[in-house]
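Below is one structure, written out as structure tokens; the observations come after it.
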Amino acid sequence: MKYEIKHLGVTLNKKEILKDISLSLPKNQFIGIIGPNGSGKSTLLKTLYKGIKEYSGNIVFLDKDLASWKTKDIAKENAVVAQLNEVNFNFTVLDIVLMGREPHKEWWQMNTTEDLALALDSLDKVGMVHFKDEYFSFLSGGEKQRVILARALAQKANCLILDEPTNHLDVKNQLEFLSLVRDLNLTIISVIHDLNLAANYCDILYVMKDGQIVLSGTPTTVLTTTNIKEIFEVDSYVKKIDNQIQISYKII
Numbered sequence: 002m003k004y005e006i007k008h009l010g011v012t013l014n015k016k017e018i019l020k021d022i023s024l025s026l027p028k029n030q031f032i033g034i035i036g037p038n039g040s041g042k043s044t045l046l047k048t049l050y051k052g053i054k055e056y057s058g059n060i061v062f063l064d065k066d067l068a069s070w071k072t073k074d075i076a077k078e079n080a081v082v083a084q085l086n087e088v089n090f091n092f093t094v095l096d097i098v099l100m101g102r103e104p105h106k107e108w109w110q111m112n113t114t115e116d117l118a119l120a121l122d123s124l125d126k127v128g129m130v131h132f133k134d135e136y137f138s139f140l141s142g143g144e145k146q147r148v149i150l151a152r153a154l155a156q157k158a159n160c161l162i163l164d165e166p167t168n169h170l171d172v173k174n175q176l177e178f179l180s181l182v183r184d185l186n187l188t189i190i191s192v193i194h195d196l197n198l199a200a201n202y203c204d205i206l207y208v209m210k211d212g213q214i215v216l217s218g219t220p221t222t223v224l225t226t227t228n229i230k231e232i233f234e235v236d237s238y239v240k241k242i243d244n245q246i247q248i249s250y251k252i253i
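Residue numbering for the sequence shown follows the working numbering, starting at 2 and increasing by one per position.
In structure tokens:
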């Protein structure tokens, strides 16, 4: 297992966000975390990579208590891709990707030829190597998210933690990004807002509501009309078309 979580609780600003969560996150699976807004999904992710350090319960990461991990060492194992972030400085694409090498170096060490080779290889994997000298701020939303993914790959981490990474992308870029991620053969732990994307890219789904895990299983067993009604409070149709799960919603 990648993570073993037992009785996890998180309270922020005197508000209980996560409540007695216990779950296992296995290696080499595409794991989706879904649920209504405000259910604690992003808080759960932040706790996994020590973005939030104050919690109750126990988290074991790679057979070692998460509390004993240094943040820099966590970054060697987990790469984080959040919702699209704007960069207000004139960094080139290559500059951005080379930032993924920082967890492997001391602050005073310069980039090496190996770092450069890894960065270029990561850009090549996401189809962005020909943009290496362009300014990041000039790219489209889809291109920026590919570069951020390349930065994560340059970390050489075995796990990608994604926090709604397709939230601001158009349909084509959503599909291209998640297809690219799925084909990397890494452990993927992702909060996904779109249920159709979750249904067709994830191996396992955990459903959160009011700070708790209320359902888990394969997309087929989790994303039924009954469960969608109970969790998201909407009526829906769930069909299989060309071996893909398709969810549509009844208009109010």
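For each residue, glycine too, the CB sits at the ideal point set by N, CA and C.
Beta-carbon proximity check, residue i vs residue j, cutoff 7 Å
| i | j | result |
| --- | --- | --- |
| Phe-31 | Asp-236 | no |
| Gly-36 | Lys-230 | no |
| Arg-102 | Ala-155 | yes |
| Lys-71 | Thr-188 | no |
| Gly-52 | Ile-18 | no |
| Val-94 | Val-127 | no |
| Ile-190 | Val-208 | no |
| Leu-170 | Ala-151 | no |
Residue i - partner residues in DSSP beta bridges
| i | result |
| --- | --- |
| Thr-12 | Glu-17 |
| Phe-62 | Tyr-4 and Lys-65 |
| Tyr-250 | Ser-237 |
| Tyr-207 | Ile-34 and Ser-217 |
| Gln-245 | Ile-242 |
| Ser-43 | Ser-43 is not bridged to any residue. |
Any non-hydrogen atom of the ligand MN within 6 Å of residue i CB
| i | result |
| --- | --- |
| Ile-190 | The model depicted lacks the ligand MN and carries no ligand whatsoever. |
From the options, residue whose alpha carbon lies closest to that of residue i
| i | options | result |
| --- | --- | --- |
| Phe-22 | Asn-174, Thr-225, Leu-161 and Gly-212 | What sits at residue 22 in the sequence shown is Ile, not Phe. Nearest option by C-alpha distance: Gly-212. |
| Thr-12 | Gly-58, Lys-3 and Ile-34 | Gly-58 |
| Glu-115 | Val-127, Phe-139 and Lys-157 | Lys-157 |
| Tyr-50 | Ile-162, Ile-193 and Thr-93 | Ile-162 |
| Leu-196 | Thr-226, Leu-95 and Met-111 | Thr-226 |
| Thr-219 | Ala-199, Glu-234 and Asp-74 | Ala-199 |
| Ile-257 | Leu-124, Leu-179, Thr-221 and Ser-43 | There is simply no residue 257 to check, as the chain begins at 2 and stops at 253 in what is shown. |
| Lys-77 | Lys-240, Gly-39, Ala-153 and Lys-241 | Ala-153 |
| Ala-80 | Val-61, Met-100 and Met-111 | Met-100 |
| Lys-251 | Phe-137, Glu-234, Asp-243 and Ile-214 | Glu-234 |
| Asp-243 | Val-223, Asn-201 and Leu-216 | Asn-201 |
Coil, strand or helix - residue i by DSSP
| i | result |
| --- | --- |
| Val-127 | coil |
| Asn-201 | helix |
| Ser-217 | strand |
| Ser-25 | strand |
| Leu-140 | coil |
| Gln-146 | helix |
| Leu-95 | helix |
| Ala-120 | helix |
| Ala-80 | strand |
**Request:** Jot down the residue ranges of each uninterrupted beta strand (DSSP E) in the region 157-192, minimum 3 residues, whole runs only, in chain order.
**Result:** 160-164 and 188-192
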